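The numbering used here numbers the first residue of the sequence shown as 18 and each following residue consecutively.
For reference, the structure discussed in these notes is given below.
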Amino acid sequence: AGFLISSWKHILKANTDAKGNSTLTPDEKRNLAANFSGYDISPDMVRLSLVNLYLHGFADPHIYEYDTLSSQDRWNDRADVILANPPFMSPKGGIRPHNRFSVQSKRSEVLFVDYMAEHLTPRGRAGIIVPEGIIFQSGTAYKQLRKLLVEEYLVAVVSLPAGVFNPYSGVKTSILILDRALAKRTDSISFFKVQNDGFGLGAQRREIEKNDLPQATREIAEYLRRLRAGEPLDSFNPTLGLIVKKEKIAANGDWNLSGERYRENGQRSSDSPLFRFEEVCTLEYGSSLPKEKRVEGPYPVVGSNGITGYHNEYLVEGPAIIVGRKGSAGEVTLIEQNCFPIDTTYYVKQVDPSKSDIVFLYRILKSLGLPDLRGGAGIPGLNRTDVYQAHRIPLPPLEVQKEIVAEIEGYQKVIDGARMVVENYRPHIPIDPDWPMVELGDKSLFRIESGGTPRSSISEYWDGGIPWATLVDLPPDNFVTQITSTVRTISDKGLQESSAKLIPADSVIVSTRATIGRIAINRVPIATNQGFKNIIIEDKSRAIPEFVAFAMIRLVPTMKEWATGGTFAEISKSKFCELEISLPSIEVQKEIVAEIEAEEALVQANRDLIARFEKKIQSTLARVWGGGNP
């Protein structure tokens, strides 16, 4: 029922006036709710969904127990909009469907997509989350399905990062956007690539700064708007995607829906002949080497995450390219010396070493985006056949390859030097033992406030004029973040009717739950969630926020040590108030802050240098592909 409830909330929110009051009449809401329905094969899930819908205001919810693949009882039903996240794995031996599908297959993921496409009304639309097999698998049924979609239903494909469904599944997925009417009016399909969704892609899914979803949403909406309005697409250049003609997708008969494949094709130059992947190099299996059988020696043992130990024998002569096969699948590593790649990896074997430079191949393989091809439930995996089918390799003359390698290595040395500065710098306050020590709980100097979260189910609490900070607003790379705006905002009503509090400008914001020790200064009044303790300076003749923020950096190890809790460690407000900082005179505080800020400016210059020279590497590789991005 999750899709139905989210859709219901979206419609209600879209039909409100400036004051947040609904513009729908009770009759309109009843008629709208009557048109929501869902299917599930599990009787238990049907009951749970019915209860969930009822609790969200559906007086007469419609959820049916129905096997869409083997039963024909509701085959004649049609829908204007379908949203679905069908099962990604077929049972062993496949399934036994009825024979009314356009595509004949025993693969459930193929049949589910076929079913949803065929059960749209003439102007129907659908959003379907699919596993990567649907995107590029070479089986006959997969190709037939993609052909059907491209010719009659598909308008856009959104590639999602592997791990977006962690901790439940690490499978790589994409979203198919179907629009039966638009598909008949356009000769192209758009491809968008989301690399970050605002959360880390590991098992914990912690909040991070990078989030492509807002930009992707805007670009997809603009693309669909132009299609519906009949406007030309020539001037539309999405930053997260590209538009590909259907004839190009159909060209080789695979009907492949991996957008990066067409990006590369569009940028390749005849100056660098293209070869099939396996004509240049092959991916060979590493060998099993359990830890108990390793004998300490000079040769690195290499897994999908890099060097995991050492052994007295080697399997491959260096320099060697190692590609993750399981776990960090698709990650490419260059090992300079003889090494032992284990069975979670592939190693790259050159077909003709006289025609390809191993370091050049490493750079090309790094640019291919091999992690995008990983799939499988549980531990992500990379199938070498998928790599062979998805990619070709440009191979200029060997002398040119060596020149490119030398140019890139020059840039890389600059990056490595700058990265040493960035990774090793830490703001430091030289403590004078004569400075007085003050507790954060000193009420004559500080006031400590916690944060809070308004109820997410009440739309009037959100999207107001009050910035509401979460961890995503404090990037991990910053020592002290300057907050002037936040990703999310709350309303006055949300502030008043929750435990959130308005924190005055120029306070010090400290994360104290789960991820402990990120620090910021808010330059505008804000609220925060409950993962923060906020230091409000009551006597600014004795302390400035910049010095307090830098002083808090020294206390991060203590905060982590004092934190308690099961699932999420947290430092309590009472313990937080016991923390002490050294507090010199205002004049000394200002001098120290000025020195640290000058140092941070130099560190930022090195960050900028890294970004600039990484772009130079990309530009160098782009010349191999014939311009643009590799």
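Cβ coordinates follow ideal geometry from the N, Cα and C atoms, glycine included.
No experiment lies behind these values; they were computed from the predicted model shown.
Where D196 and L387 are concerned, what is the direct C-alpha to C-alpha distance, given to the nearest angstrom?
30 Å
Considering only C-alpha positions, which residue in the set V188, V167, E168 and E616 is nearest to L177?
V188
Which term fits K210, buried or exposed, when burial requires 16 or more other beta carbons within 10 angstroms of its beta carbon?
buried
Buried/exposed call for F463, threshold 16 Cβ in 10 Å:
buried
Among G258, Q367, Y159 and I352, nearest to V297 - alpha-carbon criterion
Q367
Classify N539: buried if its beta carbon has 16 or more other beta carbons within 10 angstroms, exposed otherwise.
buried
Range of the contiguous alpha helix (DSSP H) that encloses K36:
Here K36 belongs to no alpha helix (DSSP H), and DSSP marks it neither H nor E.
Close-in-space but distant-in-sequence residues of the same chain around H408 (CB under 6 Å, 5 per side omitted)
F294 and L385
Please state whether the Cβ-Cβ distance between I598 and S558 is less than 8 Å.
no
Below 8 Å on the Cβ atoms is my contact criterion, and I expect L165 with A134 to pass it. Report the Cβ-Cβ distance as a whole number of Å.
7 Å
Are the CB atoms of D480 and T506 nearer to each other than 8 Å?
yes
In whole angstroms, what is the alpha-carbon distance linking P601 and D451?
9 Å
Does M576 pass the burial test, meaning 16 or more other C-beta atoms within 10 Å, or should it be called exposed?
buried
Closest Cα partner of T361 within the set V404, V340 and S191
V340
Segment contact flag, the region 203 to 218 with the region 260 to 270, C-beta cutoff 8 Å, min 3 pairs
yes
Any idea what DSSP makes of E416, helix, strand or coil?
helix
Is DSSP giving W452 helix, strand or coil here?
coil
Determine the burial state of E348: buried for a count of at least 16 other Cβ atoms within 10 Å of its Cβ, exposed for fewer.
buried
So the alpha helix (DSSP H) Y405 belongs to, where does it begin and stop?
R401 to A407
So which of S473, V455, L230 and P414 has the shortest CA-CA distance to L512?
S473
Here's a check: name, in chain order, each residue in its chain whose Cβ is nearer than 6 Å to the Cβ of G283, leaving out the five neighbours to either side.
Summary for G283: the model assigns pLDDT 40, below 50, so the residue's position carries little reliability, and this model does not support an answer.
Where does T8 sit, in a helix, a strand or coil, going by DSSP?
Coverage of the chain is limited to positions 18 through 647, which leaves residue 8 absent and any answer about it impossible.
Tell me whether Q621 sits in a helix, a strand or coil according to DSSP, three-state version.
helix
Does the Cβ of E126 have 16 or more other Cβ atoms within 10 Å, making it buried, or fewer, making it exposed?
buried
Using 8 Å as the Cβ pair cut-off and three pairs as the minimum, do the region 620 to 632 and the region 580 to 588 touch?
no
Does the separation of the CB atoms of I554 and P562 fall below 8 Å?
yes
Length-filtered (4 minimum) alpha helix (DSSP H) runs lying within the region 172 to 224
197 to 202
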